[in-house]
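Heads up: the sequence shown is residues 35 to 250, going by this note's numbering.
From the three backbone atoms N, C-alpha and C, an ideal C-beta is built for every residue, glycine too.
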Amino acid sequence: MIIYGGSALMGAASVPHLLPPDNLRDGLALAARIANILFLGLVALTTITRLVPIMKSQGIETRVSALLGTFLSIVLAFLPKAELGLVWSAVSSTLVLVGTSLCIVVLRWLGRSFSIQAEARRLVTEGPYRIVRHPLYLCEGIALVGVTLQVLSPLAVLVAIVIVMIQCRRMINEERILRRAFPEYAAYRTTTPFLIPTCRTIGRGQAPAKAIDPHV
35 MIIYGGSALM
45 GAASVPHLLP
55 PDNLRDGLAL
65 AARIANILFL
75 GLVALTTITR
85 LVPIMKSQGI
95 ETRVSALLGT
105 FLSIVLAFLP
115 KAELGLVWSA
125 VSSTLVLVGT
135 SLCIVVLRWL
145 GRSFSIQAEA
155 RRLVTEGPYR
165 IVRHPLYLCE
175 GIALVGVTLQ
185 VLSPLAVLVA
195 IVIVMIQCRR
205 MINEERILRR
215 AFPEYAAYRT
225 TTPFLIPTCR
235 TIGRGQAPAK
245 AIDPHV
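Here it is, written out as structure tokens:
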């Protein structure tokens, strides 16, 4: 929580130096920065208010994967910026903006069930979770593509690939604990794609809020 909250405050402190934007490219970069600040702040707040887990994963691998998947992307922030043209610069900022904004939406649906480690709190199956089983990872992936473009290099691509591999492992670990904690998860898996949405599931993401809460 301290890391996310501190990152949000540091990001907010840098915003005045970006005002006013000189062009569309700078405006998109500013909007992406603000979206990232809001997301980090929401993560910090959600970490404080989340439910007590009813089941936790065991073993070192799940903990290491969770920590690496969460913080390895910081490496990209320290890589030198790539010399992008106007179009590719706008594309990269747009991907970060869209991905991060969607992360905020997904996190609002996930709410107090949010976890960094593989833990079971409450099974959320509505909203974006009607479309795919891991929408937060999908949206983070969109933002990751944008960030990687901004620092494009062989090292950046390698780091991004490692991040994706670790995130895939995290999803598998989370599914394992959710299957153990919630018997109804088996039925949910049969009707909802893992990560890539289909035409059938995209249309059902507008349903009213609903969650299966074992504490009720």
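Quick one: using the 10 Å Cβ neighbour count with 16 as the cut-off for buried, is Ser187 buried or exposed?
exposed
Assign Val166 to one of three DSSP states: helix, strand, or coil.
coil
Considering only the beta carbon of each residue, do Val191 and Leu110 sit closer than 8 Å?
no
Could you check how far apart the C-beta atoms of Thr80 and Leu141 are, in whole angstroms? I think they sit under 8 Å.
6 Å
With a cut-off of 8 Å on the beta carbons, I'd call Thr226 and Thr235 a contact; round off their distance for me.
6 Å
Excluding the five sequence neighbours on either side, which residues of its own chain have a C-beta within less than 7 Å of the C-beta of Ile88, listed in chain order?
Ala154, Arg155, Ala215, Pro248
By how many angstroms is the C-alpha of Pro169 removed from the C-alpha of Val98?
22 Å
Would you check if there are 3 or more beta carbon pairs closer than 8 Å linking the segment 123 to 131 to the segment 53 to 63?
yes
Measure the Cβ-Cβ separation of Ala220 and Leu131 and say whether it is below 8 Å.
no
Under the three-state reduction of DSSP, which class applies to Val86: helix, strand or coil?
coil
Using the DSSP secondary-structure output, state which residues sit across from Glu153 in a beta bridge.
Lys90
Would DSSP call Thr232 helix, strand or coil?
coil
Backbone CA spacing between Ile176 and Pro217 [nearest angstrom]:
31 Å
Find the nearest neighbour of Gly119 within the set Leu76, Ser149, Val185, judged by alpha-carbon distance.
Val185
By the DSSP assignment, the alpha helix (DSSP H) with Leu110 in it spans what residues?
108 to 111
Leaving out the 5 sequence neighbours to the left and right, which residues in its chain are closer than 8 Å to Thr115 when beta-carbon positions are compared?
The residue you asked about is not Thr; residue 115 is Lys in the sequence shown. Only Gln184, Val185 meet the Cβ criterion.
Classify Ile36 as helix, strand or coil using the three-state DSSP reduction.
Confidence at Ile36 is low in this model, with a pLDDT of 42, below 50, so the placement of that residue should be treated as unreliable; the coordinate-derived value is given next. Ile36 falls in the helix class under three-state DSSP.
Going straight from the alpha carbon of Leu113 to that of Val179, what length do you get?
15 Å
Quick check on the DSSP output: the alpha helix (DSSP H) that includes Glu117 runs from which residue to which?
Careful: Glu117 lies outside any alpha helix (DSSP H) and carries neither H nor E.
How would you call Glu117, buried or exposed, if buried means at least 16 neighbouring beta carbons within 10 angstroms?
exposed
Nearest-angstrom Cα distance between Ile138 and Phe73?
6 Å
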